[in-house]
Amino acid sequence: MARFTPLLLAGAACAFRAPGPPRVAPACSHGLEMARRAPLLPAAPASRTRTPQPWRHASLRMQSGSSPDGVERAIACSVYLLPFLDGFPYGLFVYRTVPGLGQLAFNFLPLVNTFESIPFAGLIFFVILSYFSRNSQLSRFVRFNIQQAILLDILLIIPGFFSGLSRMVPAEVSVIGSNAVFYVMALTIGYSVFSNVQGKTPDKVPILSEAAASQIDQF
């Protein structure tokens, strides 16, 4: 019993020792010091709930269904210059008989002569228009007019292959045929330009518009 007396006395001394600051292990004190010196991390931002913005979707729908702008209308009208230049000679008899039309045609004569003086000018313009008709970056409105102008130009070139036969038929028949080709060209170009200025696709030309639409819808 006497052997355990010092242990009991030591325990009693620890129990009745005056209160003081709690002792912290060296490792714990080092950890507390590092935590105290560490920079405070910014609090994570609160998640924001995105409110729906229907005006954006409405704007996209308006853009997709909006009418062509001025640049597109100008381009769509200018592509018919190629069939106009190729079909200009078919109106020689019309220019002589219709009052005032001859003077109007005379104003375009320098442009027609310049176009015909350039070697392979028609072929070059034809290839360029064919390339842009397949360019998906252009609007369907522009590509449709390009393709329709190309098809119209092809139709105007075909009668030229039979120009030698005009000597084998009466002059009246030759005049009627030439005038018919000119009127078809003039009506098609006039209708197309008028529709383009209004921002409408000129897709009411019989046969020609259907062929143009089927061609551009493939790309």
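The sequence shown runs -15 to -1, 1 to 204 under mature numbering (1 follows the signal peptide of the UniProt record, and there is no 0).
Just so it is clear, CB atoms sit at the ideal spot from N, CA and C, and this is done for glycine as well.
Local conformation of residue i per DSSP, three classes
i	result
Thr82	helix
Asp188	coil
Gln183	coil
Leu96	helix
Leu193	helix
Gln200	helix
Pro74	helix
Ala12	Its pLDDT being 43, under 50, Ala12 is placed unreliably in this model, and the coordinates cannot settle the point.
residue 205	Because residue 205 is not part of the residues shown, which for the chain are -15 to 204, the question remains open.
Ser148	helix
Ile143	helix
Phe69	helix
Ser51	coil
Ile103	coil
Val154	coil
Val64	coil
Option in the options with minimal Cα separation from residue i
i	options	result
Val112	Gln122, Val127, Ser51, Ile131	Ile131
Val196	Leu137, Pro84, Arg81	Residue 196 is actually Ala in this sequence, not Val. For the residues Leu137, Pro84, Arg81, the minimum Cα distance to Ala196 belongs to Leu137.
Ser52	Pro155, Gln203, Val182	Val182
Cβ neighbour criterion (16 or more within 10 Å) applied to residue i
i	result
Ile135	buried
Ala59	exposed
Val56	exposed
Ser121	exposed
Pro191	exposed
Tyr176	exposed
Thr99	exposed
Tyr65	buried
Phe110	buried
Leu193	buried
Ile174	buried
Proximal residues to residue i (C-beta, below 7 Å), its chain only, five neighbours per side dropped
i	result
Ser115	Ile135
Ile201	Ser118, Arg125, Arg128, Phe129, Gln132
residue 252	What is shown of the chain runs -15 to 204, which leaves residue 252 out entirely.
Val79	Leu86, Asn164, Phe167
Ala106	Phe100
Val97	Leu70, Phe73
Cβ shell of residue i (< 8 Å), same chain only, five flanking positions each side left out
i	result
Leu141	Pro68, Asp71, Gly72, Tyr75, Val166, Met170
Leu77	Ser163
Pro104	none
Neighbourhood of residue i by C-beta, 6 Å cutoff - its chain only, sequence neighbours within 5 removed
i	result
Pro11	Summary for Pro11: the model assigns pLDDT 45, below 50, so the residue's position carries little reliability, and this model does not support an answer.
Cys62	Val178, Asn181
Ala(-3)	For Ala(-3), the pLDDT reaches just 40, beneath the cut-off of 50, and the residue's location in the model is therefore unreliable, although a value from the coordinates is still provided. Hits under 6 Å: none found.
Ser151	Ser159
Chain D within 8 Å of residue i, Cβ atoms only
i	result
Leu137	In the displayed structure, chain D is absent; only one protein chain is listed.
Touch check for the segment 186 to 201 and the segment 118 to 133: three-plus C-beta pairs under 8 Å?
Yes, they touch.
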